[in-house]
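2 protein chains.
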Amino acid sequence: MTAELNETHDPALRSWVTSADQPDCDFPIQNLPFGTFSTAGRREARIGVAIGNKILDLQQAGLVDTDDMNALMAFEPQKMTALRALISQGLAQSSARQPDWEAALVDQSAATLHVPCRIGDYTDFYTSVHHATTVGKQFRPDNPLLPNYKWVPIGYHGRASSIIPSGQAFKRPHGQTRPPGTAAPVLGPSMRLDYELELGWFMGQGNALGQPVNMADAERHIFGVALFNDWSARDIQGWEYQPLGPFLSKNFASTISPWMVTMEALAPFRTAFSRPEGDPEPLAYLDARRNREAGAFSITLEVLLQTERMRSESMPEVRLSKTNMASAAYWTPAQLVAHHTVNGCNLRPGDLLGSGTLSGPTSSEAGSLMELTAGGKVPIALPNGEKRSFLEDNDTLILRGWCEAPGAVRIGLGEARGTVVG
Amino acid sequence: MTAELNETHDPALRSWVTSADQPDCDFPIQNLPFGTFSTAGRREARIGVAIGNKILDLQQAGLVDTDDMNALMAFEPQKMTALRALISQGLAQSSARQPDWEAALVDQSAATLHVPCRIGDYTDFYTSVHHATTVGKQFRPDNPLLPNYKWVPIGYHGRASSIIPSGQAFKRPHGQTRPPGTAAPVLGPSMRLDYELELGWFMGQGNALGQPVNMADAERHIFGVALFNDWSARDIQGWEYQPLGPFLSKNFASTISPWMVTMEALAPFRTAFSRPEGDPEPLAYLDARRNREAGAFSITLEVLLQTERMRSESMPEVRLSKTNMASAAYWTPAQLVAHHTVNGCNLRPGDLLGSGTLSGPTSSEAGSLMELTAGGKVPIALPNGEKRSFLEDNDTLILRGWCEAPGAVRIGLGEARGTVVG
Chain F
596 MTAELNETHD PALRSWVTSA DQPDCDFPIQ NLPFGTFSTA GRREARIGVA IGNKILDLQQ
656 AGLVDTDDMN ALMAFEPQKM TALRALISQG LAQSSARQPD WEAALVDQSA ATLHVPCRIG
716 DYTDFYTSVH HATTVGKQFR PDNPLLPNYK WVPIGYHGRA SSIIPSGQAF KRPHGQTRPP
776 GTAAPVLGPS MRLDYELELG WFMGQGNALG QPVNMADAER HIFGVALFND WSARDIQGWE
836 YQPLGPFLSK NFASTISPWM VTMEALAPFR TAFSRPEGDP EPLAYLDARR NREAGAFSIT
896 LEVLLQTERM RSESMPEVRL SKTNMASAAY WTPAQLVAHH TVNGCNLRPG DLLGSGTLSG
956 PTSSEAGSLM ELTAGGKVPI ALPNGEKRSF LEDNDTLILR GWCEAPGAVR IGLGEARGTV
1016 VG
Chain Z
596 MTAELNETHD PALRSWVTSA DQPDCDFPIQ NLPFGTFSTA GRREARIGVA IGNKILDLQQ
656 AGLVDTDDMN ALMAFEPQKM TALRALISQG LAQSSARQPD WEAALVDQSA ATLHVPCRIG
716 DYTDFYTSVH HATTVGKQFR PDNPLLPNYK WVPIGYHGRA SSIIPSGQAF KRPHGQTRPP
776 GTAAPVLGPS MRLDYELELG WFMGQGNALG QPVNMADAER HIFGVALFND WSARDIQGWE
836 YQPLGPFLSK NFASTISPWM VTMEALAPFR TAFSRPEGDP EPLAYLDARR NREAGAFSIT
896 LEVLLQTERM RSESMPEVRL SKTNMASAAY WTPAQLVAHH TVNGCNLRPG DLLGSGTLSG
956 PTSSEAGSLM ELTAGGKVPI ALPNGEKRSF LEDNDTLILR GWCEAPGAVR IGLGEARGTV
1016 VG
């Protein structure tokens, strides 16, 4: 084990919650992600940690004295480390806590899982150079990757109010589009509805206005990560996005998975981070030896689709693509924080930083339909004979993610699932 | 009086708070704007209404049972109308409430005025066609006004966390810029720091996700208006803004005035709204007879500057420009709400819609230095011999606004004041 791994990462550790030891369980005792939930018997949202197919109610277990997830996220990292150690010890086999804590367990299937915290501001980045290049070609054939891309972690502000939890359906957005060859735009339902495979980094401790966070401290301000689907209406986007960026093409809904996997849980899955030969070095405020050596994370990501007909035929979902954050992202989470705050911008506990669409280097690793179908020109053929250029009503899209590494127990991010309705 | 004017607008109405009757007072009894404040003796923020140079503490006066401004903003408009009538009656000369309410008055000069509510999401629009054209010429000489401008109320999401109250200083932002003729960008303080003269429309009642607000209902969802300065670092903006829009060039600070002037207070200052001859008619979802007849508001706006040297010489601030919302804006507040929600996006009480820089039709009415100085090429000469292309350290910028109309008592928006420090 390296210095930053501790007893909570021990691969020999097992939980008395037996479902946590099932193969391919996303939530073994080495994970312990945080979220908020409620139950039919008690409607107020409260803080929980996923373990196997259960949730440990932290207040009920006597571990915290608040039901405010954001308050917990504002903790010093050392305090979170201590809390994680307590949770790990109490859930471990042979813990004396088992009799007490059994009463603090809730079945995940019996709980409503919420957006995991109050998201004050949501920023979306554009960290995949592969996505930026492929999409850039469609919007600007002669100028796909703009001159700032390899210098500036491009980002923009998104909408916090319309971020919805996994499992919630949303309505196909209407909006202005201008059909090719016409002078005036028309209002109508989006005909080019897409998803975007993203990771969402939640901020922990904030920074004061006017106080940048440097690279050495940046990760201490990140609480954890979840799966994030930034649904996008490409036809609305194409007409509205100049000169100030995407707006109604994005803010009708975004889906977040319910569990925040902490930076500490991600520690065994760190990887080196390097730029392609010949690319410029990042400016000093975006560079650090530690970031080059271990600033990226090996998180496998996949996108699955289930159409209404597939459901009626009891067909399982079909995978549209699979990639890994480490090969998709041109900027690390630490660089996003350092860049976001270099001008003094204040981040608050619970703020969300989207990675942007994580498309890997090959075409089968693309994180959106826009890329997989060449802008809708080459539809995907599904096993049951259906085709998809863009999403149709009652399509369900599922993002999944997990981490694996030699000598470490596999952990998962759960899923972000959403269905578009007409 | 027209149908929508009521006894609270009566120009003969006078208050027992005598400072409210001074000529040019922003807060006569016909205004009654809402905000939040605290005092040295009681640090918790609470809800107040400005009257003359005083604040009426609404909870102390027995008018509300909350100190949560956002909860008040979520009220049905009829309930707000009833509350306004009670406040007006109680503050009117000869009211029996005077003895009780005198104890609920606080001197504005003894209070700390806060950002008036919790701003969940902040959207910035781009409603001045004059601003869009002038700025567009600088960024895109061959293509100043993009083809979507007269169809789409262009908007984008901004940063809520860094919105600060009037009177608070902020640090000059650092960021990446690429000096002309160089290949690599550099990090440093912005050398082209600018202001933007805006109005900020606060949302009252929200709408549910997936439920658009139509033009007929749109204004019922607006609580009121304040002055808003969207400080902008033009050099950072020029390098970062493509393809996803402005980000760090804006999110280091924005200044809001403390008082929200309600839609009801603005009623006497409504004006007809028409587009220039030959411009396309708006699409149906952005059009309504009522909007054409009375959807705009005559709000006079001015920008004043006081430099450090002017302060040391006891010189008053100097006016940089003056305009009126009615001649500057190409889209009405109702149209902003209808457009923002047409895709189902949910607005929440307290959300802020910035108008974008309100530049009027003539060059002296420009709402930013970028326009007044032709992108910094033609500095402004100040009366004491100083010059300004962009803002220098310790410059204080003040926005003011007020409404006048025949047969109505003048009301003011107060001021949004901010100072940049190095």
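From first to last, the protein sequence lines are chains F and Z. Here the numbering used here = 1-based position in the first sequence + 595. Here the numbering used here = 1-based position in the second sequence + 595. C-beta atoms are modelled at their ideal positions from N, C-alpha and C, and glycine is treated no differently. For clarity, every value in this text was computed on a predicted model and none was experimentally measured.
Distance, Cα to Cα, residue i vs residue j?
i, j, result
"F/Pro780", "F/Thr968", "25 Å"
"F/Gly970", "Z/Ser756", "36 Å"
"Z/Ile749", "Z/Asp830", "22 Å"
"Z/Cys998", "F/His769", "37 Å"
"F/Cys940", "Z/Glu599", "43 Å"
"F/Ile975", "F/Lys982", "5 Å"
"Z/Gly955", "Z/Ala961", "6 Å"
"F/Ile817", "F/Gly801", "9 Å"
"F/Gly731", "F/Asn738", "7 Å"
"F/Thr729", "F/Leu667", "40 Å"
"Z/Phe622", "Z/Thr603", "13 Å"
"Z/Arg943", "Z/Asp662", "18 Å"
"F/Gln693", "F/Ala687", "9 Å"
"Z/Thr676", "Z/Phe892", "19 Å"
"F/Arg767", "F/Asn989", "10 Å"
"Z/Ala615", "Z/Asn648", "7 Å"
"F/Met596", "F/Asp660", "In this prediction, F/Met596 has a pLDDT of 39, which is less than 50 and means its spatial position is unreliable; what the coordinates show is noted afterwards. Distance between the alpha carbons of F/Met596 and F/Asp660: 33 Å."
"Z/Phe868", "Z/Thr722", "13 Å"
"F/Gly753", "Z/His752", "6 Å"
DSSP beta-bridge partners for residue i?
i, result
"F/Met920", "Looking at the DSSP assignment, F/Met920 forms no beta bridge with any residue, so it has no partner."
"Z/Ala1011", "Z/Leu994"
"Z/Glu793", "Z/Phe823"
"Z/Thr772", "Z/Val781"
"F/Ala976", "F/Lys982"
"F/Asp652", "F/Gly643"
"Z/Glu897", "Z/Lys917, Z/Arg995"
"F/Ile831", "Paired residue(s): none; F/Ile831 is not in a bridge."
"F/Ser723", "F/Ala924"
"Z/Met668", "Answer is none; Z/Met668 lacks a bridge partner."
"Z/Tyr717", "Z/Gly753, Z/Leu947"
"F/Thr850", "F/Ile759, F/Asn824"
With DSSP collapsed to three states, give me the class of residue i.
i, result
"F/Gly955", "coil"
"Z/Gln929", "In the sequence as displayed, the identity of residue 929 of chain Z is Ala instead of Gln. Looking at Z/Ala929 - three-state DSSP - the assignment turns out to be helix."
"Z/His752", "strand"
"Z/Ser704", "helix"
"F/Ala607", "coil"
"F/Gly762", "coil"
"F/Arg1005", "coil"
"Z/Tyr880", "helix"
"Z/Arg679", "helix"
"Z/Met798", "strand"
"F/Thr857", "strand"
"F/Val730", "helix"
task: Could you please tell me which residues of the segment 772 to 798 of chain Z, in chain order, have their CB closer than 7 Å to any CB of chain F?
output: Ala779, Pro780, Leu782
Residues in the segment 934 to 955 of chain Z having any Cβ partner in chain F nearer than 8 Å: His934, His935, Val937, Asn938, Gly939, Cys940, Asn941, Leu942, Arg943, Asp946
query: So does the segment 807 to 815 of chain Z actually touch the segment 779 to 794 of chain Z, counting three or more Cβ pairs closer than 8 Å?
result: no
message: Tell me whether the segment 879 to 898 of chain F and the segment 912 to 931 of chain F touch, counting them as touching only if at least three CB pairs, one residue from each stretch, are closer than 8 Å.
response: yes
message: Does the structure place the segment 873 to 881 of chain F close enough to the segment 644 to 656 of chain F that three or more beta carbon pairs sit under 8 Å?
response: no
- request: Give a yes or no on contact between the segment 701 to 715 of chain Z and the segment 901 to 912 of chain Z, applying the rule of three or more CB pairs nearer than 8 Å.
  value: no
Any 3 or more C-beta pairs closer than 8 Å across the segment 835 to 843 of chain F and the segment 835 to 843 of chain Z: yes
task: Would you list, in chain order, the members of the segment 820 to 835 of chain Z that have their beta-carbon closer than 9 Å to a beta-carbon of chain F?
output: Ala828, Ile831, Trp834, Glu835
query: Listed from N- to C-terminal order along the chain, which residues in the segment 690 to 717 of chain Z have their beta-carbon within a distance smaller than 7 Å of any beta-carbon of chain F?
result: Gly715, Asp716
query: Counting pairs of beta carbons, one from the segment 758 to 776 of chain Z and one from the segment 919 to 935 of chain Z, are three or more of them closer than 8 Å?
result: no
The segment 608 to 624 of chain F touching the segment 662 to 681 of chain F, judged by at least three CB pairs closer than 8 Å: no
- prompt: Using a beta-carbon distance cut-off of less than 8 Å, what residues from the segment 743 to 769 of chain Z approach chain F?
  reply: Asn743, Trp746, Val747, Ile749, Gly750, Tyr751, His752, Gly753, Arg754, Ala755, Ser756, Ser757, Ile759, Phe765, Lys766, Pro768, His769
field: Members of the segment 662 to 683 of chain Z that neighbour chain F once the beta carbon cut-off is set at 8 Å
entry: none
message: Beta carbons nearer than 9 Å to chain F: which residues of the segment 847 to 866 of chain Z have them?
response: Phe847, Ala848
- prompt: Are the segment 986 to 1004 of chain F and the segment 854 to 866 of chain F in contact at 8 Å, needing three or more beta carbon pairs?
  reply: yes
task: Below 8 Å between beta carbons is the criterion; list the residues of the segment 907 to 927 of chain Z that meet it against any residue of chain F, in chain order.
output: none
- prompt: Of the residues that make up the segment 875 to 894 of chain F, which ones have a beta carbon closer than 7 Å to any beta carbon in chain Z?
  reply: Pro875, Leu878, Tyr880
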